[in-house]
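Q: Protein chains in written order, with my numbering: chain V, 6 to 116; chain U, 5 to 118.
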Amino acid sequence: AQKITQTQPGMFVQEKEAVTLDCTYDTSDPSYGLFWYKQPSSGEMIFLIYQGSYDQQNATEGRYSLNFQKARKSANLVISASQLGDSAMYFCAMARFKTIFGAGTRLFVKA
Amino acid sequence: DGGITQSPKYLFRKEGQNVTLSCEQNLNHDAMYWYRQDPGQGLRLIYYSQIVNDFQKGDIAEGYSVSREKKESFPLTVTSAQKNPTAFYLCASSREQAGNQPQHFGDGTRLSIL
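1. If you draw a straight line from the alpha carbon of Ala80 (chain V) to that of Gln21 (chain U), how long is it in whole angstroms?
2. I'd like to confirm the pairing. Which residues does DSSP put opposite Ala80 (chain V) in its beta bridges?
3. Rounded to whole angstroms, what's the CA-CA distance from Thr104 (chain V) to Glu49 (chain V)? Just pull it up for me.
4. So does the stretch 65-78 of chain V actually touch the stretch 92-107 of chain V, counting three or more Cβ pairs closer than 8 Å?
5. Let me see if you follow: with CB-CB separation under 7 Å, is Phe113 (chain V) close to chain U or not?
6. Less than 7 Å between the C-beta atoms of Tyr68 (chain U) and Gln60 (chain U), yes or no?
7. Can you find a C-beta in chain V that's less than 7 Å from the C-beta of Gly46 (chain U)?
8. Does DSSP put Leu118 (chain U) in a helix, in a strand, or in coil?
9. Along the stretch 89-115 of chain U, where does the CB come closer than 9 Å to a CB of chain V? Name the residues.
10. Out of curiosity, what's the CA-to-CA distance linking Asp60 (chain V) and Gln45 (chain U)?
11. DSSP three-state call for Leu89 (chain V): helix, strand or coil?
12. Report the rounded CA-to-CA distance for Arg114 (chain U) versus Asn88 (chain U), giving the unit in angstroms.
13. State the start and end residues of the unbroken beta strand (DSSP E) segment that holds Asp31 (chain V).
14. Using DSSP with H/G/I as helix, E/B as strand and the rest coil, what is Tyr37 (chain V)?
15. Alpha carbon to alpha carbon, how far is Tyr30 (chain V) from Val82 (chain U)? Give it in angstroms, no decimals.
16. Around the Cβ of Phe106 (chain V), are there at least 16 other Cβ atoms within 10 angstroms (buried) or fewer (exposed)?
17. Could you name the residues of chain U that Met50 (chain V) contacts, counting a contact when the two beta carbons are closer than 7 Å?
18. Can you tell me whether Tyr55 (chain V) is buried or exposed? The criterion is at least 16 other CB atoms within 10 Å of its CB, across all chains shown.
19. Is the beta carbon of Tyr93 (chain U) sitting closer than 7 Å to the one on Leu49 (chain U)?
20. Taking just the CA atoms, how far does Tyr42 (chain V) sit from Val18 (chain V)?
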């Protein structure tokens with residue numbers, strides 16, 4: 006069975022510093038996609054970054070990068086130079102034909 | 005601008021009542037999804053549809069029903085059989101149902117019991 010685990014319920018980071026949000030997954034499929042979404046307090050889900058299971062290089066999108074370690078089945082999100090607007094819930098997700106989501110990590114950025 | 009529109013933003017249901025949540029997309033996406041989110045938790049899949057006139061149950065379909073008569077529309081009905089409907093409901097779409105397609109989400113509907 007597929008499973009996504011986010012072990013950090015909450016994280017604090019100082020503004021302008023980098024932060025890593027952890028995500029581990031479990032699947033027996035060789036082909037899958039890994040995603041990170043941001044959910045501000047207003048509720049909408051915003052797609053941040055995607056990593057394919059066969060991609061050799063880690064994905065990057067602006068200040069977001071995905072640290073993909075396939076052998077360890079981890080897909081951690083790194084946010085560089087944190088901003089106050091980064092305070093939100095962050096969800097890791099894995100997709101084959103259906104998408105499953107982790108429980109999320111709430112990030113607080115301190116001024 | 006293309007996107008997904010969910011309505012209403014807030015909805016209240018009386019005991020024994022069915023209510024319908026609207027979801028419309030103008031992204032020309034084939035796949036659409038309904039998720040339920042309870043406080044402090046992740047998203048759980050209720051129903052999904054890969055193409056018009058076809059849909060499948062997700063992980064928590066009991067007490068819910070859907071239709072997909074048009075590509076743009078995927079309404080969700082919360083029936084009286086759903087005994088604990090209070091939650092945040094999110095509709096999403098993707099170009100196709102594949103592992104490399106990100107999902108685009110609406111702003112959600114908050115459903116409460118009166």
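In this text, a Cβ means the ideal position worked out from N, Cα and C, and glycines have one as well.
As the structure is a computational prediction, the values presented were derived from the model and not from experiment.
A: With the structure as the only source:
1. 43 Å
2. V:Phe73
3. 17 Å
4. no
5. no
6. no
7. yes
8. coil
9. Phe92, Leu94, Ala96, Ser98, Gln101, Ala102, Gly103, Asn104, Gln105, Pro106, Gln107, His108, Phe109, Gly110, Asp111, Gly112, Arg114
10. 29 Å
11. helix
12. 13 Å
13. 29-31
14. coil
15. 31 Å
16. buried
17. Leu94, Phe109
18. buried
19. no
20. 18 Å
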